[in-house]
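A.B. asks: FYI, the numbering for the sequence shown is -18 to -1, 1 to 314, going by mature numbering (1 follows the signal peptide of the UniProt record, and there is no 0). Quick reminder that beta carbons are idealized off the backbone N, C-alpha and C, glycines included.
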Amino acid sequence: MRMLSLFIVAASAVLGSASPTTPRQGSSFVGYLVSTFSDPNPRVQWHLSEGNSATNFRFLNGGNAVLASTVGTRAVRDIYLTTNSARSEYFLIATDLDINAPGFSWDWATRQGSRGIVVWKSNNLVDWSGSSLRIVEADTAGMVWAPSAVWDDDTAQYYVFWASRHYASWDTGHTGVASLDSIRYATTKDFTSFSEPRDYLALPDTPLIDQEFQYLGAPGAWARFLKNETTLQVYQETTRNGLFGSWTRVPGYVRNEAPLEGPASFADNVIPGLYHLWLDNYQQYVPFETSDIRSPSWRSSNSGGFPSGLKHGSVTPLTREEYDAVAAAFPA
Ligand SMILES: *[C@@H]1O[C@H](CO)[C@@H](O)[C@H](O)[C@H]1NC(C)=O
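1. Just how far apart, CA to CA, sit H29 and F39?
2. Using a strict less-than 6 Å threshold between each residue's beta carbon and the heavy atoms of ligand 1, what residues do you get?
3. Buried or exposed: I81, going by 16 or more other Cβ atoms within 10 Å of its Cβ?
4. If we require 3 or more residues per run, which beta strand (DSSP E) segments fall completely within the stretch 145 to 211?
5. For L63 and V12, what's the separation of their Cα atoms in angstroms?
6. Give every residue of the same chain whose Cβ lies closer than 7 Å to the Cβ of Y182, excluding the five residues on either side of it in the sequence, and list them in chain order.
7. Kindly give me the distance between the Cβ atoms of D77 and A128, rounded to whole angstroms, as I take these residues to be in contact under 8 Å.
8. Using DSSP with H/G/I as helix, E/B as strand and the rest coil, what is A311?
9. When the Cβ atoms of the stretch 138 to 153 are set against those of the stretch 254 to 268, are three or more pairs found closer than 8 Å?
10. Among K171, D192, L15 and T55, which one has its Cα closest to the Cα of E71?
11. Measuring alpha carbon to alpha carbon, tell me which of P84, R237 and I99 ends up nearest D60.
12. Between the alpha carbons of H294 and D153, how many angstroms are there, rounded?
13. Considering only residues of the same chain and omitting the five flanking positions on each side of S35, which have a CB-CB separation below 6 Å?
14. Please report how far the alpha carbon of W156 lies from the alpha carbon of T122, in whole angstroms.
15. If we call anything under 8 Å between Cβ atoms a contact, is P278 one with Q218?
16. For R40, which of helix, strand or coil comes out of DSSP?
17. Just tell me which of L190, T169 and S177 has its CA closest to the CA of L162.
18. With a CB to CB cut of under 7 Å and the five nearest residues on each side skipped, what residues in its chain are close to A47?
19. Which term fits Y14, buried or exposed, when burial requires 16 or more other beta carbons within 10 angstroms of its beta carbon?
20. Distance check for G124 and G158, CA to CA, integer angstroms please.
21. Indicate the three-state DSSP secondary structure (helix, strand or coil) for A76 in the structure shown.
22. Which residues in the same chain as L115 place their Cβ atom closer than 7 Å to its Cβ, once the five residues preceding and following it in sequence are excluded?
23. If we ignore side chains and look at the alpha-carbon of each, how far apart do G244 and T18 end up?
24. Considering only the beta carbon of each residue, do A240 and Q215 sit closer than 8 Å?
25. So what's W28 in DSSP terms, helix, strand or just coil?
26. Helix, strand or coil for T92, going by three-state DSSP, please let me know.
27. Would you call the CB atoms of W102 and W90 closer than 8 Å?
This is how it looks when you write it as structure tokens:
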């Protein structure tokens, strides 16, 4: 009976469902893969955990990037790895943005930035397609930042989320005042074609970027982390009724420090109920953890051995087969 209900949970809809990238705690996952980038080298970089350690990692591929964008700005940031429940396909998605480009300014980047995300596809985590630039936003958008995705079993598609700000349709040069940054989404089966983009979360008084979801191990139970672009701090909300359900704010911010951004969240592979949250302090990730995700007091992780220089990315639990494949193909 127990086994049966677990299967039913895994197959329920996105409105309530498990994410495929969700660790089944105490499960068959044997380690974690960090997908990240660096400011001087804005390409996909991988770090692999030492077994199930959440703080000790080796920089794969001899410390070199594993994938470089040849499309759009030819630079990527905010790297996110996603997969389906069957783990039969993997997509790396990223912001198309080169902050080292001649004449770069953040004002320009939010008016004339890319309206696409950079996408790579693999069937085994080892052999990857070339990079593609997939336009997901309307031409009123000034940029598309920090994409993430959640697979939905019921509709066999991914929900893709990102942050954009929009200019009036008559302001085709994007020279005027824009809307506040909001979280947008579209659905896709293949990361080639996407539904029309829509608002997911747009607040009247707060610009928002850098959303990441965390499945909490029961149908409909999720946390989400968002950056308030006014305070430059990350806050948390939780729900019991799915991504499109009602959300409750955890009072205050994850940390009373600024700036922090780019949340990367993952459940511990070994200890049930333990969650990790990494926040980027504009230099590198700082790791935090809690054993009470619904009313957390996020504490610093014991970070001896934690790599320096990790930037806004994602952490993916790996099966034995996946772990051995990436370790063999991209040795440290
Ligand atoms: C973001 O910060 C501003 C400034 O403190 C505050 O007024 C606003 O309510 C905050 N929004 C959220 C969603 O935390």
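C.D. replies: Let's see:
1. On the sequence shown, residue 29 is found 47 positions in, with the first residue counted as 1. On the sequence shown, residue 39 is found 57 positions in, with the first residue counted as 1. Each residue's alpha carbon lies about 6 Å from the other.
2. Qualifying residues, in the order they occur: L185, D187, T188, N210, T212, T213 and Y217.
3. Here the question's residue 81 lines up with position 99 in the sequence shown. Counting Cβ neighbours within 10 Å, I81 comes out exposed, since fewer than 16 surround it.
4. Runs of the beta strand (DSSP E) inside the stretch 145 to 211: 164 to 170, 180 to 183, 190 to 197 and 204 to 210.
5. For the purposes of this step, residue 63 is taken as residue 81 along the sequence shown, with counting starting at 1. For the purposes of this step, residue 12 is taken as residue 30 along the sequence shown, with counting starting at 1. Whole-angstrom Cα-Cα distance: 17 Å.
6. Walking along the sequence shown from the start, residue 182 turns up at place 200. Excluding sequence neighbours, Y182 sits near F143, I165, R166 and Y167.
7. Start at 1 with the first residue of the sequence shown, and residue 77 comes out as number 95. Start at 1 with the first residue of the sequence shown, and residue 128 comes out as number 146. Correcting the residue identity first, residue 77 is Thr in this sequence and not Asp. Here T77 really is in contact with A128; their C-beta atoms are around 6 Å apart, less than 8 Å.
8. Counted from its first residue, the sequence shown places residue 311 at position 329. Of the three classes helix, strand and coil, the one that applies to A311 here is helix, per DSSP.
9. Counting Cβ pairs under 8 Å, fewer than three are found: no touch.
10. Walking along the sequence shown from the start, residue 71 turns up at place 89. Nearest C-alpha to E71: K171.
11. As a first step, residue 60 must be located in the sequence shown, where it is residue number 78. Nearest of P84, R237 and I99 to D60, Cα basis: I99.
12. The residue labelled residue 294 in the question sits at position 312 within the sequence shown. The residue labelled residue 153 in the question sits at position 171 within the sequence shown. Cα-Cα distance, rounded: 32 Å.
13. Locating residue 35 in the sequence shown gives position 53, counting from the first residue. Excluding sequence neighbours, S35 sits near nothing in its chain.
14. As a working note, residue 156 is residue 174 in the sequence shown. As a working note, residue 122 is residue 140 in the sequence shown. For clarity, residue 156 is His in the given sequence; the question names Trp instead. Looking at the two C-alpha atoms, the distance is approximately 8 Å.
15. For this step, residue 278 is matched to residue 296 along the sequence shown. For this step, residue 218 is matched to residue 236 along the sequence shown. Taking 8 Å as the cut-off, the beta carbon of P278 is found closer than this to the beta carbon of Q218.
16. Taking the sequence shown and counting its residues from 1, one reaches residue 40 at position 58. Three-state result, R40: strand.
17. Your numbering for residue 162 matches position 180 in the sequence shown. The shortest Cα separation from L162 among L190, T169 and S177 belongs to L190.
18. Within the sequence shown, residue 47 is the residue found at index 65, counting from 1. Cβ within range, chain order: N23, R25, V26 and Q27.
19. In the sequence shown, the residue the question calls residue 14 occupies position 32. Under this definition Y14 is a buried residue.
20. Taking the sequence shown and counting its residues from 1, the one referred to as residue 158 is at position 176. Taking the sequence shown and counting its residues from 1, the one referred to as residue 124 is at position 142. Rounded to whole angstroms, G158 to G124 spans 11 Å at the Cα level.
21. On the sequence shown, residue 76 is found 94 positions in, with the first residue counted as 1. It is a strand residue.
22. As a first step, residue 115 must be located in the sequence shown, where it is residue number 133. Only V53, G54, D78, G98 and V100 meet the Cβ criterion.
23. Taking the sequence shown and counting its residues from 1, the one referred to as residue 244 is at position 262. Taking the sequence shown and counting its residues from 1, the one referred to as residue 18 is at position 36. The straight-line gap from Cα to Cα measures roughly 11 Å.
24. Counting from 1 along the sequence shown, the entry for residue 240 is found at position 258. Counting from 1 along the sequence shown, the entry for residue 215 is found at position 233. Yes, these two residues count as a Cβ contact at 8 Å.
25. Residue 28 sits at position 46 when you count from the first residue of the sequence shown. Annotated three-state conformation of W28 is strand, per DSSP.
26. Position 110 of the sequence shown, counting from 1, holds the residue named residue 92. If DSSP states are grouped into helix, strand and coil, T92 belongs with the helices.
27. Counting from 1 along the sequence shown, the entry for residue 102 is found at position 120. Counting from 1 along the sequence shown, the entry for residue 90 is found at position 108. No, the Cβ-Cβ distance between W102 and W90 is not below 8 Å.
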